[in-house]
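Notes for the one structure printed next.
In the numbering used here, the protein residues as written are 453 to 747.
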């Protein structure tokens with residue numbers, strides 16, 4: 453099993469630390485913030501706690517150049533820092549998991565993929581919704597279909613590092629859109645109103661994806677609907693492992709509400725992952741295209 457070092461013990465990093473620790477993979481945590489540093493040290497007594505990546509690398513190398521085993525770096529820091537940390541980790545010949553978004557521009561995302569391939573290392577991006585059992589139970593449509601994705605927050609984003617809805621919410625809805633409709637859209641319409649972005653993606657086969665993501669909307673909603681043929685598939689994060697199928701007046705459900713935690717499934721997937729995740733760069737590129745079309 454891979455031994456991982458987590459960089460970033462903030463809002464989401466704490467969840468990643470918990471999962472990797474339960475899987476027996478967590479060996480180190482990096483965070484420069486004094487409060488988070490102390491909290492990590494008090495919570496994970498057997499893990500090495502470092503204030504920066506340089507200290508982590510010195511600990512790995514050890515006094516005689518043979519230090520503890522660390523196979524992978526897990527990055528849960530602000531989006532603008534992802535590229536530099538990932539680039540350094542890949543050059544140190546460690547596998548990399550990057551919390552979404554992969555980077556904040558597509559050129560950097562492609563460069564990381566190229567470097568991982570060159571080094572023959574594994575590189576995965578954390579798109580948590582793709583690990584929900586209900587989403588995995590929904591079909592990938594063949595032919596014309598309509599997709600509706602809503603990701604709305606009652607207030608602002610929970611983490612200061614993702615205050616902008618562009619990098620907090622858009623990666624989620626874009627990863628879902630690319631999951632169901634892998635082809636590039638023929639046209640994009642997008643409108644931004646303060647903390648809310650609405651998008652329409654039109655595809656060559658007549659399919660359409662409607663994306664609605666926003667903060668401070670006064671309500672919380674996480675919902676995916678796929679209309680394909682005479683069937684409607686529904687997913688709501690309130691039941692992350694369930695998918696509802698409505699055909700005519702009949703409604704069926706797939707999965708179980710007592711299924712595995714999606715984040716735990718994502719962490720397990722990384723520990724077993726082989727290759728370079730191409731979803732990450734596609735998401736960043738689609739976000740760039742959406743922002744360029746915003747009115």
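From the three backbone atoms N, C-alpha and C, an ideal C-beta is built for every residue, glycine too. Small disclaimer: the values here were computed from a predicted structure and weren't measured.
Cβ-based neighbour list, residue i, same chain, cut-off 6 Å, excluding 5 preceding and 5 following
i: residue 716; result: 471
i: residue 624; result: 581 and 603
i: residue 735; result: 623, 626 and 627
i: residue 601; result: 625, 628, 663 and 676
i: residue 619; result: 531 and 553
i: residue 528; result: 460, 464, 465, 468 and 551
i: residue 669; result: 604
DSSP state of residue i mapped onto helix, strand, coil
i: residue 709; result: coil
i: residue 547; result: strand
i: residue 535; result: helix
i: residue 401; result: Any question about residue 401 goes unanswered here, given that the chain covers just 453 to 747.
i: residue 465; result: helix
i: residue 733; result: helix
i: residue 475; result: coil
i: residue 594; result: coil
i: residue 516; result: For residue 516, the predicted model reports a pLDDT of 49, less than 50, meaning its position is unreliable and no value from the coordinates is stated.
i: residue 623; result: helix
i: residue 470; result: helix
i: residue 489; result: helix
i: residue 765; result: No statement about residue 765 is possible, as the shown extent of the chain runs from 453 to 747 and does not include it.
i: residue 569; result: helix
Cross-strand partners of residue i (DSSP beta bridge)
i: residue 652; result: 641 and 662
i: residue 480; result: 457 and 500
i: residue 675; result: 602 and 688
i: residue 578; result: 551
i: residue 694; result: 707
i: residue 746; result: 642
i: residue 728; result: 575
Selection from the options that minimises the alpha carbon distance to residue i
i: residue 535; options: 528, 618, 523 and 554; result: 554
i: residue 573; options: 585, 592, 544 and 747; result: 544
i: residue 709; options: 585, 684, 667 and 679; result: 585
i: residue 664; options: 591, 486 and 644; result: 644
i: residue 719; options: 467, 698, 673 and 566; result: 467
i: residue 568; options: 705, 666, 552 and 546; result: 546
i: residue 713; options: 698, 726 and 694; result: 694
i: residue 589; options: 722, 455 and 705; result: 705
i: residue 616; options: 601, 531 and 711; result: 531
i: residue 583; options: 734, 722, 747 and 456; result: 722
i: residue 486; options: 476, 460, 510 and 509; result: 460
i: residue 475; options: 493, 456 and 483; result: 456
i: residue 453; options: 549, 524, 570 and 698; result: 524
i: residue 505; options: 570, 727, 462 and 538; result: 538
i: residue 607; options: 647, 691 and 711; result: 647
i: residue 508; options: 697, 591, 541 and 685; result: 541
i: residue 711; options: 724, 699 and 691; result: 691
i: residue 493; options: 458, 510, 514 and 526; result: 458
i: residue 707; options: 681, 724 and 685; result: 685
Residues of its chain near residue i, where Cβ-Cβ distance is below 7 Å and the 5 sequence neighbours each way are ignored
i: residue 758; result: An answer regarding residue 758 cannot be provided, because it is not within the stretch 453 to 747 covered by the chain.
i: residue 638; result: 654, 655 and 656
i: residue 729; result: 575, 576 and 577
i: residue 688; result: 674 and 675
i: residue 672; result: 604, 605 and 606
i: residue 489; result: 483, 501 and 503
Cutoff 8 Å; reference residue i; Cβ partners in own chain excluding five residues on either side
i: residue 496; result: 469, 473, 478 and 481
i: residue 621; result: 603, 605, 609, 649, 665, 666 and 667
i: residue 640; result: 651, 652, 653, 654, 741, 742 and 745
i: residue 552; result: 577, 578, 579, 580, 623, 624, 627, 732 and 735
i: residue 558; result: 733, 736, 737 and 740
i: residue 683; result: 697, 698 and 699
Residue i CB to nearest heavy atom of the ligand FMN below 8 Å
i: residue 640; result: What this structure holds is no ligand at all, so the ligand FMN is not there to describe.
Do the region 655-671 and the region 589-596 touch if we need at least three Cβ pairs shorter than 8 Å? Here the region 655-671 lies against the region 589-596, with 3 or more beta-carbon pairs under 8 Å apart.
Below 8 Å, how does it come out for the region 562-569 and the region 498-507: are there three or more Cβ pairs, yes or no? Flag = no, the region 562-569 and the region 498-507 do not touch.
Cβ contact check for the region 623-641 and the region 649-658: 3 or more pairs under 8 Å: Because the criterion of three Cβ pairs below 8 Å is met, the region 623-641 and the region 649-658 touch.
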